[in-house]
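Beneath this line is the structure, given in structure tokens, with notes to follow.
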Amino acid sequence: MYFSNDEHRFRDDGGPVIDLEGKVVGIVNNQINETFLPSSILHKCLNSWRKLKCVPRAHLGMTFTSIKLLDPICIERIRRKHNIASGIIVEQVSKESNAEKLGIRKGDIIERFNGEYISSTTELEKMLLDIGGDQFDQAKVLNAEIGVRIQIFCATKLCRRVRNLTVIVSDCGENIIEG
1 MYFSNDEHRF
11 RDDGGPVIDL
21 EGKVVGIVNN
31 QINETFLPSS
41 ILHKCLNSWR
51 KLKCVPRAHL
61 GMTFTSIKLL
71 DPICIERIRR
81 KHNIASGIIV
91 EQVSKESNAE
101 KLGIRKGDII
111 ERFNGEYISS
121 TTELEKMLLD
131 IGGDQFDQAK
141 VLNAEIGVRI
151 QIFCATKLCR
161 RVRNLTVIVS
171 DCGENIIEG
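Numbering (the UniProt record's numbering), first residue to last: 1 to 179.
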């Protein structure tokens, strides 16, 4: 359930999302494409801020949507045609990013991230925050480059490949430059 902060406005800024037991499970930010932020991510960010005085996060240079958010017919088609049950679909690749240089394109599917299967953007976000926090905790440096290992299903070539992607750890928001 979502509670708006202003009943008179057609579109508002967002607010808390409450489950059926009355617990806050996240927030909605209507300023950014009606983004839902789960409470688990909020807690990670707050804990990082308390411990490190910043929220370092690995930036991939891509945006995604989860396969499980597609309609059931599309999910079944992907499963049967490509033997993919879960993963995240690349929606955007930032122009001149390391991801673009590796040949990652819109429509490709990320199946594994650092060896772990991934099925949602929430899982990915937790991993990115963990990587950023660990790197900053050890090196005490932002804007450092580190490598992550991703397994990609290439939509145009219909093949899987594993690549090492260099990412930047930063506490700034990630900007995706359209190409």
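Each residue gets a CB set at the ideal place from its N, CA and C atoms; glycine is no exception. Please read all numbers here as calculations on a predicted model, not as lab measurements.
Compute the Euclidean distance between the alpha carbons of L20 and F36, then round it to the nearest angstrom. Per the coordinates, the alpha-carbon of L20 lies some 17 Å from the alpha-carbon of F36.
Sort V141, I75, D130, E111 by Cα distance to H43 and report the nearest one. The option with the nearest alpha carbon to H43 is D130.
Which residue from R112, R105, I146 puts its Cα closest to that of T63? That would be R105, whose Cα lies nearest to the Cα of T63.
In whole angstroms, what separates the C-alpha of I27 from that of G87? Each residue's Cα considered, the two are about 24 Å apart.
What's the C-alpha gap between K101 and T166? Looking at the two C-alpha atoms, the distance is approximately 10 Å.
CA-to-CA distance, N164 to N98, given in whole angstroms: Each residue's alpha carbon lies about 10 Å from the other.
Taking the Cβ atom as the reference point for each residue, do V169 and Q135 lie within a distance shorter than 7 Å? Contact flag set, yes.
State the DSSP-derived secondary structure class of I104, mapped to helix, strand or coil. I104: coil per DSSP, three-state reduction.
Quick one: what does DSSP say N83 is sitting in, helix, strand or coil? Three-state result, N83: coil.
Quick one: measure Cβ to Cβ for I73 and I67, integer angstroms, because I've assumed they're closer than 8 Å. With a Cβ gap of about 12 Å, I73 and I67 do not count as contacting.
Can the beta-carbon of F113 be found less than 7 Å from the beta-carbon of I78? Taking 7 Å as the cut-off, the beta carbon of F113 is found no closer than this to the beta carbon of I78.
According to DSSP, which residues form a beta bridge with V28? Residue pairing by DSSP places V28 opposite G15, F36 in a beta bridge.
Taking the DSSP output, what are the residues bridged to L129? Paired residue(s): none; L129 is not in a bridge.
Going by the DSSP bridge assignment, what does R149 pair with across the sheet? Secondary-structure assignment with DSSP links R149 through a beta bridge to N164.
Can you tell me where the beta strand (DSSP E) with T65 in it begins and where it stops? From DSSP, the beta strand (DSSP E) with T65 extends over 62-66.
What is the DSSP secondary structure of A139, counted as helix, strand or coil? In the structure shown, the three-state DSSP call for A139 is helix.
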